[in-house]
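Going by my numbering, 236 is the number at position 233 of the first sequence; the sequence numbering is gapless.
All remarks here apply to the structure that follows.
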Amino acid sequence: MSETPMNNDAAAVPDVATPSPIEPTVCFADFGLAPEILRALTDQGYVHPTPIQAQAIPVVLQGRDVMGAAQTGTGKTAGFSLPIIQLLLAHASSSMSPARHPVRALILTPTRELAVQVAENVKAYAQHTPLRSTVVFGGMDMKGQTVILKGGVEIVIATPGRLLDHIEQKNVSLGQVQMLVMDEADRMLDMGFLPDLQRIINLLPKKRQNLMFSATFSPEIKKLANSFLQQPVLIEVARSNATAEKVTQIVYKVDEEQKRDVVEFLIRQRELKQVIIFSNTKIGASRLSRHLEQTGIKASAIHGDKTQQERMAALEAFKQGEIEVLVATDVAARGLDISDLPCVINYDLPYNAEDYVHRIGRTGRAGASGDALSVYSDKDERLLADIEKLIKQDITRGELTGFAPRTRGRDSERGERSERPQRGERVERGGERSERPPRRFEGEARPERPARSYGAGPLPRREKVDPWFLKPYEPANAPRREAAATDTSNGPAKPKQKIAALLGGLPKPAQS
DNA sequence: AAAAAAT
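Here it is in structure tokens:
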């Protein structure tokens, strides 16, 4: 409910149309929220809180720390931002002076997109209040962010790295922060943000309210919670590893080379107009997206090699319905506010079984039904077994009735050619794509490839290229991030092993 | 074995 619904048409049912039948009907008006906040909620047509909101809002208003187990789409964002706004409102200043607008609430998120979404929600909820909020994240010019920070804001939503950058440059001070939110804390640990988190937390006043949200409860998360939450109230909405019951899951076993065509077939057969396809690799996402476009399906890729502008443009185009297919890496698996999709497709089975749950959590939300389709091949049997073990259910094996594997004559050459990574090939830019007519490479050399890349003569036979070769060269002995290492006595992203040490020298469990 | 994030 806090999350903006995908379909904004008037006929769309609000996320929370049906309050739990056991509970008496609760309204936002029952929480004693300020009229300005209720007005913002009314503006958006929200009346009834989701379960997590109903639980979290009163607890946060009491000033208690919270450990929340909830995924995106449960209304978590409103669950913490509404009471935060309410609490800050009690001492809001209407003065224009920056000094009167110190940062009082800090919300940290693992990914940039999530930060933007949370910020949009906060802004909407606080629109009738004098509270100011802003979002800071990497990949964008610092200047605009700096101006806003220096102007004074009460609520900052940030990804950790860029926030530290601003702190170091004295663009922002966190000495007055009263409330800290760590959203998707498990994800932040996975991504090696712990050292950054520690540095940020060290800059906050000791006396503050802490809210931590996590989709899973690994031992690491529990340690983190113990280290900085004070007698937290545990709020749990749905079991973290439970798959939504309304999601119909089907897996299709196909030849590895056919995955692409099968995905295309599924999109056409089901006439999918809003679907996310997950790929395990950035390059795979780009290629599949390009292939779909060549077959006339409006598609775009989103992953970490895209510029921030491209990522935001793709997301927006998808939300607007300008593109039908968003091919994504796991940048979009969690947190991203793309929900209520009728269908999600796994082009690759995720290496982490848990990610499967997160991926298919994009569909079948709020009582709606959804389909999660996956294609896999022989070599993925193990991954599938892991997934089924985690979700404790067998997934239906689907039959591809009507799918005609392409018997390619010379056509196969085109297929292979466009699939192979080209030397010097870059991830395609979002902008030029729409203007580019579908192209075929009927065996001819791509015009833009410089001939000297391969020297004179026929193209060398290309063996199966490992995409990692296409990464920029990094000397193995480069003294990477040494400064950061000395600073925190912790290197970069070495999550699991270092966590115990960071959390205060807990005795290591005796195991190898 | 990959991806995400500060540059």
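The beta-carbon is built from N, C-alpha and C at its ideal position, and this holds for glycine as well.
Note that the structure is predicted; figures quoted are calculated from it, not measured.
Next item on the list: Could you pull the start and end residues of the beta strand (DSSP E) that residue 281 belongs to?
Entry: For the purposes of this step, residue 281 is identified with residue 278 of the first sequence, where counting begins at 1. From DSSP, the beta strand (DSSP E) with residue 281 extends over 278-281.
Item checked: Short Cβ contact (7 Å threshold) for residue 231 with residue 205 -> Position 228 of the first sequence, counted from the first residue, corresponds to residue 231. Position 202 of the first sequence, counted from the first residue, corresponds to residue 205. Not closer than 7 Å, so no.
Checklist line | Collapsed DSSP secondary structure at residue 460 in the structure displayed | finding: Taking the first residue of the first sequence as position 1, residue 460 is located at position 457. Here residue 460 scores only 28 on pLDDT, less than 50, and its place in the model is too uncertain to base an answer on.
Check: Skipping 5 residues on each side, what residues in its chain have a beta carbon closer than 6 Å to that of residue 374?
Finding: Looking up residue 374 in the first sequence gives position 371. Here the set comprises 251, 346.
Next item on the list: Quickly, what does DSSP pair residue 239 with across the bridge? List them, please.
Entry: Looking up residue 239 in the first sequence gives position 236. When beta bridges are read from the DSSP output, residue 239 appears opposite 72.
Check: Excluding sequence positions up to five away, which residues of its chain have a Cβ less than 8 Å from the Cβ of residue 234?
Finding: Residue 234 sits at position 231 when you count from the first residue of the first sequence. Excluding positions up to five away in sequence, the list reads 67, 68.
Notebook entry, point to check: Where does residue 266 sit, in a helix, a strand or coil, going by DSSP?
Noted result: Here residue 266 refers to the residue found at position 263 when the first sequence is read from its first residue. Residue 266: helix per DSSP, three-state reduction.
Notebook entry, point to check: By the 10 Å Cβ neighbour count, where 16 or more other Cβ atoms means buried, how is residue 148 classified, buried or exposed?
Noted result: Sequence index remark: in the first sequence, residue 148 carries index 145 (1-based). Answer is buried; the Cβ neighbour count reaches 16.
Notebook entry, point to check: So, do the stretch 392-405 and the stretch 273-285 have three or more beta carbon pairs nearer to each other than 8 Å?
Noted result: Touching, no, given that fewer than three Cβ pairs across the two stretches are closer than 8 Å.
Next item on the list: Determine the direct distance from the alpha carbon of residue 294 to that of residue 199, and round the result to whole angstroms.
Entry: Mapped onto the first sequence, residue 199 falls at position 196. Mapped onto the first sequence, residue 294 falls at position 291. The alpha-carbon atoms of residue 199 and residue 294 are separated by roughly 39 Å.
Margin query: Alpha carbons only, please: which of 360, 273, 176 is nearest the one belonging to residue 328?
Written below: In the first sequence, the residue the question calls residue 328 occupies position 325. Closest option to residue 328, Cα to Cα, is 273.
Margin query: Can you find the residues in the same chain that come closer than 8 Å, C-beta to C-beta, to residue 386, ignoring five residues on each side of it along the sequence?
Written below: The residue labelled residue 386 in the question sits at position 383 within the first sequence. Residues of the same chain with a CB within less than 8 Å of the CB of residue 386, apart from the 5 flanking positions on each side, are 352, 353, 354, 356, 379 in chain order.
Checklist line | Nearest-angstrom Cα separation, counted from residue 65 out to residue 139 | finding: Looking up residue 139 in the first sequence gives position 136. Looking up residue 65 in the first sequence gives position 62. Take the alpha-carbon of residue 139 and the one of residue 65: they are about 28 Å apart.
Checklist line | Cβ shell of residue 217 (< 6 Å), same chain only, five flanking positions each side left out | finding: The residue you call residue 217 lines up with position 214 of the first sequence. Non-local C-beta neighbours of residue 217 in its own chain, meaning closer than 6 Å and more than five positions away in sequence, comprise 188, 189, 224, ordered along the chain.
Notebook entry, point to check: Nearest-angstrom Cα distance between residue 426 and residue 286?
Noted result: Numbered from 1 along the first sequence, position 423 holds the residue referred to as residue 426. Numbered from 1 along the first sequence, position 283 holds the residue referred to as residue 286. Confidence in residue 426 is poor, its pLDDT being 39 and thus under 50, which makes the residue's placement unreliable; the coordinate value appears in the next sentence. Using only the alpha carbons, I get a separation of about 13 Å.
Margin query: With a threshold of 6 Å on Cβ separation, who are the neighbours of residue 178 within its own chain once the five nearest residues in sequence on each side are excluded?
Written below: Here residue 178 refers to the residue found at position 175 when the first sequence is read from its first residue. None.
Margin query: Measuring alpha carbon to alpha carbon, tell me which residue in 116, 31, 55, 237 is nearest residue 319.
Written below: As a working mapping, residue 319 is identified with position 316 in the first sequence. Closest in C-alpha terms to residue 319, from the list 116, 31, 55, 237, comes 116.
Margin query: Taking the straight line between their C-alpha atoms, what separation do you get for residue 390 and residue 358?
Written below: Translated into positions along the first sequence, residue 390 becomes position 387. Translated into positions along the first sequence, residue 358 becomes position 355. Each residue's alpha carbon lies about 9 Å from the other.
Note to self: With a threshold of 7 Å on Cβ separation, who are the neighbours of residue 50 within its own chain once the five nearest residues in sequence on each side are excluded?
What the structure shows: By 1-based counting over the first sequence, the position of residue 50 is 47. Taken in chain order, the residues that qualify are 30, 31.
Notebook entry, point to check: So, residue 135 versus residue 180, is the Cβ gap smaller than 7 Å?
Noted result: Along the first sequence, read from residue 1 onward, the residue named residue 135 stands at position 132. Along the first sequence, read from residue 1 onward, the residue named residue 180 stands at position 177. Between residue 135 and residue 180, the CB-CB gap reaches or exceeds 7 Å.
Next item on the list: Go ahead and pull the three-state DSSP assignment for residue 218.
Entry: Position 215 of the first sequence, counted from the start, is the residue given in the question as residue 218. In the structure shown, residue 218 sits in coil (DSSP, three-state: anything other than H, G, I, E or B).
Next item on the list: Grab the span of the alpha helix (DSSP H) containing residue 84 for me, first residue to last.
Entry: Position 81 of the first sequence holds residue 84. Boundaries of the alpha helix (DSSP H) around residue 84: 79-92.
Checklist line | C-beta contact flag for residue 38 and residue 63 at 7 Å | finding: On the first sequence, position 35 is the one that residue 38 refers to. On the first sequence, position 60 is the one that residue 63 refers to. With contacts defined as CB atoms closer than 7 Å, residue 38 and residue 63 fail to qualify as a contacting pair.
Item checked: Beta-carbon proximity list for residue 157, same chain, < 8 Å, skipping 5 on both sides -> Taking the first sequence and counting its residues from 1, the one referred to as residue 157 is at position 154. Apart from the 5 residues on each side of it in sequence, residue 157 sits with its Cβ closer than 8 Å to the Cβ of 91, 95, 104, 105, 106, 107, 108, 134, 135, 136 in its chain, given in chain order.
Check: Alpha carbon to alpha carbon, how far is residue 511 from residue 350?
Finding: Numbered from its first residue, the first sequence carries residue 511 at position 508. Numbered from its first residue, the first sequence carries residue 350 at position 347. Interpretation of residue 511 is limited by its pLDDT of 35, a score under 50 that renders its predicted location unreliable; the figure taken from the coordinates is listed afterwards. In a straight line, the C-alpha of residue 511 is about 39 Å away from that of residue 350.
Margin query: Considering only the alpha carbon of each residue, which of 132, 130, 118 lies closest to residue 164?
Written below: Along the first sequence, read from residue 1 onward, the residue named residue 164 stands at position 161. Cα-wise, what sits closest to residue 164 is 118.
Check: Does DSSP classify residue 226 as helix, strand or coil?
Finding: Counted from its first residue, the first sequence places residue 226 at position 223. Correct three-state label for residue 226: helix.
Next item on the list: Using DSSP bridges, identify the partner residues of residue 152.
Entry: Within the first sequence, the letter at position 149 stands for residue 152. Paired residue(s): none; residue 152 is not in a bridge.
Next item on the list: Hey, could you find the ends of the alpha helix (DSSP H) residue 322 is sitting in?
Entry: Counting from one through the first sequence, the residue named residue 322 turns up at place 319. Unbroken alpha helix (DSSP H) run through residue 322: 311-322.
Note to self: Suppose contacts are defined by Cβ-Cβ distances below 7 Å. Is residue 93 in contact with residue 56 by that definition?
What the structure shows: Taking the first sequence and counting its residues from 1, one reaches residue 93 at position 90. Taking the first sequence and counting its residues from 1, one reaches residue 56 at position 53. Against a cut-off of 7 Å, the Cβ pair of residue 56 and residue 93 comes out as no contact.
Checklist line | Length of the line joining the Cα atoms of residue 403 and residue 48 | finding: For the purposes of this step, residue 403 is taken as residue 400 along the first sequence, with counting starting at 1. For the purposes of this step, residue 48 is taken as residue 45 along the first sequence, with counting starting at 1. Within the model, the alpha-carbon separation for residue 403 versus residue 48 is close to 42 Å.
Checklist line | Three-state secondary structure assigned by DSSP to residue 371 | finding: The residue labelled residue 371 in the question sits at position 368 within the first sequence. In the three-state DSSP reduction, residue 371 falls in the coil class, being neither helix nor strand.
Note to self: So residue 334 and residue 305 are supposed to be a Cβ contact under 8 Å. How far apart are they, rounded?
What the structure shows: Within the first sequence, the letter at position 331 stands for residue 334. Within the first sequence, the letter at position 302 stands for residue 305. Their Cβ separation, rounded to whole angstroms, is 6 Å, which keeps residue 334 and residue 305 in contact under 8 Å.
Item checked: Enclosing alpha helix (DSSP H) for residue 205 [first to last residue] -> Mapped onto the first sequence, residue 205 falls at position 202. Here the alpha helix (DSSP H) through residue 205 covers 197-205.
Checklist line | Pair within 7 Å by beta-carbon distance, residue 122 and residue 151 | finding: As a working note, residue 122 is residue 119 in the first sequence. As a working note, residue 151 is residue 148 in the first sequence. By the CB criterion at 7 Å, residue 122 and residue 151 fall outside the cutoff.
Margin query: Using CA atoms only, rank isn't needed, just tell me which of 126, 169, 332 is closest to residue 144.
Written below: On the first sequence, position 141 is the one that residue 144 refers to. Check the Cα spacing between residue 144 and each of 126, 169, 332: the tightest is with 169.
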